[in-house]
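First residue of the sequence shown: 29, per the numbering used here; consecutive thereafter. Step one of this worksheet: look at the structure below.
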Amino acid sequence: MSKGGNELDKEIEQLRIETRQHPKSFDAWKRLGQRMQDNSDYDDAMQAFNQALAIEPANDEVKKRIDACKRERDFYSFFKLT
C-alpha cells in the first residue's frame with residue numbers, strides 16, 4: 029500500500045530530524061534517501077545517499093540507488109522539456 033503525500037512528507041521530516049540528531053547514522057541517511065526517492069525528490073535523495081556512502085563507502089545498494097535516482101531524474105526531466 030502506498031503512503032499518501034502528507035504521510036511521506038511527515039516521514040521525511042522525521043528522518044531529517046534523525047539525521048541531525050545522529051549525523052553518523054548510515055541507516056538514517058539511507059532511509060531518508062529512500063523516502064526522498066519515493067517522493068521523486070531525486071537531487072535531495074542523492075545528497076542523502078552520498079551522506080550514507082560517506083559512512084559506508086563500499087555499500088553497493090546505496091551506489092545503485094544513486095544511479096537509479098540519476099536515471100529517474102533524467103527520464104522525468106526529458107519529458108518536462110518536451
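We put the CB at the ideal spot given by N, CA and C, even for glycine. What you are looking at is a predicted structure, and each value in this text was computed from that prediction instead of being measured.
Asked: D72, enclosing alpha helix (DSSP H) - first and last residue; Found: Y70 to I83
Asked: Whole-angstrom distance between F77 and K58, CA atom to CA atom; Found: 6 Å
Asked: Status (buried if at least 16 other CB within 10 Å, exposed otherwise) for Q49; Found: exposed
Asked: Other residues of its chain near I45: CB distance less than 7 Å, five sequence neighbours each side excluded; Found: none
Asked: Unbroken alpha helix (DSSP H) run spanning A56, endpoints; Found: F54 to D66
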